[in-house]
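Right, one structure below, let's go through it.
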Amino acid sequence: MASLNLSEESKERLAKILDTTRSIVHYSWIPFILYLGWQSTSTKPNFVQLVSPFPSA
6 MASLNLSEES KERLAKILDT TRSIVHYSWI PFILYLGWQS TSTKPNFVQL
56 VSPFPSA
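Taking this note's numbering, the leading residue of the sequence shown gets 6, the next gets one more, and so forth.
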């Protein structure tokens, strides 16, 4: 396998991009799963009903 000869600046930039991407995926995974579940329901509640701590009757 061919090795890439990257400069130190390129390596640092790539590491920062990967770290940022990892953080974005980490903090957006649960909201994404909740969104998918919300999209698959037949009766879609509005946003206020969705985030309300009180159950809807």
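Each residue gets a CB set at the ideal place from its N, CA and C atoms; glycine is no exception. Because the structure is a prediction, the values reported are computed rather than measured.
How far does the alpha helix (DSSP H) with residue i in it extend, from its first residue to its last?
{"i": "Lys16", "result": "13-44"}
{"i": "Phe52", "result": "52-56"}
I need the straight-line Cα distance from residue i to residue j, nearest angstrom please.
{"i": "Phe52", "j": "Pro58", "result": "12 angstroms"}
{"i": "Leu39", "j": "Ser12", "result": "41 angstroms"}
{"i": "Thr25", "j": "Arg18", "result": "11 angstroms"}
{"i": "Met6", "j": "Ser15", "result": "Residue confidence for Met6 is low, a pLDDT of 48 falling below 50, so the modelled location carries little weight; the figure read from the coordinates is stated next. Going by the C-alpha atoms only, they are around 20 angstroms apart."}
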